[in-house]
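Engineer:
This is how it looks when you write it as structure tokens:
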């Protein structure tokens, strides 16, 4: 069980939205995390990589900054096993490469622009994620 | 330098939103999708909050001539739906349902000092690089014939 947190989740979502808007306003870029990672680990020129690297470093230090503000490190719970993290991780990497995006790029940036491609991609991955969780928890694990 | 510092701060804001919202927490992600079991609808509120702010903010920002620190806006222009897009999205969803991390959720989790996000991230990179390798080989074969 995890606690239902509508207010903090909506607040966090609004911060995500604000960051997405600021990245467009300052750098003119879509905040798609898989795209940012993909370009960073490619043969793109250094000028294309530096702001992306800085963005990812900012994301990674976020828990530490929250710790400094609130005095408590955020906690998470990871039910999947190591094997599941590896298999799931590889599939995520393959999927976002072919699908040109993930929850941030398609789910937030693209959906907010009413991009047909992003809406179709988001509906597709939400459906397969739901089906996968159902299979793992209620068919195989149930 | 201004661009890099700005990007760092926006990344920090993005990561903070991810952590506060619960997107970096696989238990919460998996429970959101487990409607038949221990359902936790919180993530609908993350999506809702992010979409409302982005939809309004994009309107205001994209009405300007150009971004503050760049010459133009980089927006995707493709409109066609192809098997590559939908197949990729489908595979991504299967991976997300197995691991509980998506790219945007997994990266801030790297800063928690636990091993699971690192395992996920390395595996995700391996998947991305495998596709890159495959595409390079394909284009080479295509050029050779």
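Residue numbers (UniProt numbering), protein chains in the order written: chain A, 1 to 142; chain B, 1 to 145.
The beta carbon of each residue, even a glycine, is placed where N, CA and C say it ideally should be.
These numbers come from a predicted model, not from an experiment.
Which residues in chain A have a C-beta closer than 9 Å to the C-beta of residue 123(B)? List them in chain order.
Structural biologist: Going along chain A in sequence order, the residues near residue 123(B) (Cβ under 9 Å) are 85, 86, 87, 88, 89, 90, 91, 92, 93.
Engineer: Put residue 64(A) into one of helix, strand or coil per three-state DSSP.
Structural biologist: Residue state, collapsed to three classes: helix.
Engineer: Using DSSP with H/G/I as helix, E/B as strand and the rest coil, what is residue 79(A)?
Structural biologist: Of the three classes helix, strand and coil, the one that applies to residue 79(A) here is coil, per DSSP.
Engineer: Measure from the alpha carbon of residue 105(B) to the alpha carbon of each residue in 60(A), 45(A), 139(A), then state which is nearest.
Structural biologist: For residue 105(B), the nearest C-alpha among the options comes from 60(A).
Engineer: State yes or no: is the beta carbon of residue 21(B) nearer than 8 Å to at least one beta carbon in chain D?
Structural biologist: Going by chain labels, chain D is absent from the structure shown, which instead holds the protein chains A and B.
Engineer: Anyone know if the C-beta pair for residue 10(B) and residue 62(A) falls short of 8 Å?
Structural biologist: No. Outside cutoff.
Engineer: Quick check on DSSP: helix, strand or coil for residue 111(A)?
Structural biologist: Of the three classes helix, strand and coil, the one that applies to residue 111(A) here is helix, per DSSP.
Engineer: Are the beta-carbon atoms belonging to residue 40(A) and residue 31(A) less than 8 Å from one another?
Structural biologist: Not closer than 8 Å, so no.
Engineer: Could you work out which residues of chain A lie near residue 137(B), taking near to mean beta carbons separated by less than 9 Å?
Structural biologist: The contacting residues do not exist; residue 137(B) stays about 14 Å from chain A at best.
Engineer: Under a Cβ-count criterion, where at least 16 other Cβ atoms within 10 Å of its own Cβ denotes burial, should residue 59(B) be classed as buried or exposed?
Structural biologist: The residue is exposed, with fewer than 16 neighbouring Cβ atoms inside 10 Å.
Engineer: Got a sec: is the Cβ-Cβ distance from residue 65(B) to anything in chain A below 8 Å?
Structural biologist: It does not: the Cβ of residue 65(B) has no partner Cβ on chain A nearer than 8 Å.
Engineer: Using the C-alpha atoms, what's the distance from residue 103(A) back to residue 117(A)?
Structural biologist: Those two C-alpha atoms are separated by around 13 Å.
Engineer: Assign residue 46(A) to buried or exposed, taking buried as 16 or more other Cβ atoms, counted over all protein chains shown, within 10 Å of its Cβ.
Structural biologist: Residue 46(A) should be labelled exposed.
Engineer: Provide the residue span of the alpha helix (DSSP H) that contains residue 124(B), from first to last.
Structural biologist: Unbroken alpha helix (DSSP H) run through residue 124(B): 115-144.
Engineer: In angstroms with no decimal places, state the Cα-to-Cα distance between residue 124(A) and residue 96(A).
Structural biologist: So the alpha carbons of these two residues sit roughly 12 Å apart.
Engineer: Can you find a CB in chain B that lies within less than 8 Å of the CB of residue 45(A)?
Structural biologist: Cβ-Cβ to chain B under 8 Å: no for residue 45(A).
Engineer: Under DSSP, the alpha helix (DSSP H) around residue 31(B) begins and ends at which residues?
Structural biologist: 26-33 is the extent of the alpha helix (DSSP H) around residue 31(B).
Engineer: Closer than 8 Å, CB to CB, is residue 72(A) near chain B or not?
Structural biologist: Residue 72(A) does not count as touching chain B.
Engineer: What separation, rounded to the nearest whole angstrom, lies between the Cα atoms of residue 50(A) and residue 110(B)?
Structural biologist: If you take the alpha carbons of residue 50(A) and residue 110(B), they lie about 19 Å apart.
Engineer: Just mark residue 83(B) as buried or exposed, buried being the case when its beta carbon has 16 or more other beta carbons within 10 Å.
Structural biologist: Its Cβ having fewer than 16 others within 10 Å, residue 83(B) is exposed.
Engineer: Am I right that residue 69(B) and residue 2(B) are in contact with their C-beta atoms under 8 Å? What's the rounded C-beta distance?
Structural biologist: Contact holds; Cβ gap of about 6 Å.
Engineer: Only counting runs of 3 or more residues, tell me where the beta strand (DSSP E) segments fall wholly within the region 42-84 of chain B, in order along the chain.
Structural biologist: Those beta strand (DSSP E) runs which fall completely within the region 42-84 of chain B and span 3+ residues do not exist here.
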